[in-house]
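What follows is a single structure, written as structure tokens, with notes after it.
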Amino acid sequence: MTVSGGTIDIETTGDGLWDDEEMDTSASACIKADGDIHISGGSLTLTSTGTGGKGINVDGALVVDDGDIHITTTGARYVYEGYEGEQNDIPDNYKSSPKGITVGNGIVVNGGLVRVSTAEDGGEGLESKTTLDIYGGDIEIESYDDGINSKGDMTILGGRIYANSTDNDGIDSNANLFIRGGTIVAYGSSLHELGIDVNDRGTKKLYVSGGALVAFGGSTGFLSQCCQADLRAC
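Just so you know, the sequence shown maps onto residues 1013 to 1246 in the numbering used here.
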């Protein structure tokens, strides 16, 4: 899918459901692509109110070069009613979380405005299941779960980033996090989470070689895995 201009307003209200044939959950998305999405212009306003609903759901890669993207999800996490296991460790196929943007094969943001708001459990703002690279643009996240999350390496080289999570981490990389530029303000939950979290059982690290970074949270454990000796917690 390619979006290079125009005005797109989409609202979804449908709840998540269980697919007996696929043995998996499914939920509505304002924009869904089995391949890649490239956004280079235009204005997108995407709202999802149903359980498990998402703003943008991409199986391939997402590249944002320009444009204004505004996403709001208000629904809760959908859990298959037939699931009888531990509620604290629900397999992925039995649940669907209300993500703002979730991408299967990498996110690249070069410019534009990306503004996301989520309100309920599981509601991450910007999620990549592989790598996430930010070269520029304005990213503003107000989320219930992680503001920005990547399963692979995350690299920030520029742009202005604000990520605020009310119940989890502001920025969470499950691999290495490289900060080489940009202006970053990250808030984690004041109870127990981090402004910036870099974790994979202690084998991954935060590397800071440029930019301006301010991080607040209820814990400062990420500093033990930081490779910049004079980095201080706020």
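Each residue gets a CB set at the ideal place from its N, CA and C atoms; glycine is no exception.
Thr1063 sits buried, since 16 or more C-beta atoms from the chains shown fall within 10 Å of its C-beta. Per the DSSP secondary-structure output, Tyr1219 pairs in a beta bridge with Phe1190. Under the DSSP assignment, Tyr1174 falls in the beta strand (DSSP E) whose first and last residues are 1172–1177. By the Cβ neighbour-count rule, Val1226 is exposed, with fewer than 16 other Cβ atoms within 10 Å of its own.
If you draw a straight line from the Cα of Ala1073 to the Cα of Ile1183, it is about 20 Å long. Among the bridge pairs identified by DSSP, Leu1225 is matched with Ile1196. The C-alpha of Tyr1199 is placed about 4 Å away from the C-alpha of Gly1207.
Ranked by how close their Cα comes to the Cα of Thr1130, the residues Ser1155, Thr1143, Gly1222, Met1166 have Ser1155 in first place. Ala1041 and Ile1196 have their C-alpha atoms spaced approximately 29 Å apart.
Look at the stretch 1137–1169 and you find these whole runs of beta strand (DSSP E), each 3 residues long or longer: 1138–1140, 1144–1146, 1150–1155, 1160–1162, 1166–1168. Under the Cβ criterion (8 Å, minimum of three pairs), the stretch 1097–1104 does not count as touching the stretch 1043–1061. Annotation: Ser1108 to Gly1134 spans about 8 Å, alpha carbon to alpha carbon. Between Gly1148 and Val1128, the C-beta gap is not smaller than 8 Å, which leaves the two residues out of contact. In the three-state reduction of the DSSP assignment, Tyr1095 falls in the coil class, being assigned neither a helical nor a strand state. Lys1111 is bridged by DSSP to nothing; it lacks a bridge partner. Secondary structure in the stretch 1040–1072: the beta strand (DSSP E) runs of 3 residues or longer, each lying completely within the stretch, are 1041–1045, 1049–1060, 1066–1070 in chain order. Of all alpha-carbon atoms in Ser1038, Val1070, Ile1081, the one lying nearest the alpha-carbon of Asp1104 is that of Ser1038.
DSSP lists Ser1108 as the beta-bridge partner residues of Tyr1090. About 4 Å separates the beta carbons of Glu1132 and Ala1088, which is inside the 8 Å limit, making them a contact pair.
Listed as beta-bridge partners of Leu1074 by DSSP are Ile1049, Ile1119.
Within the DSSP bridge table, the entry for Thr1024 names Ser1060 as partners.
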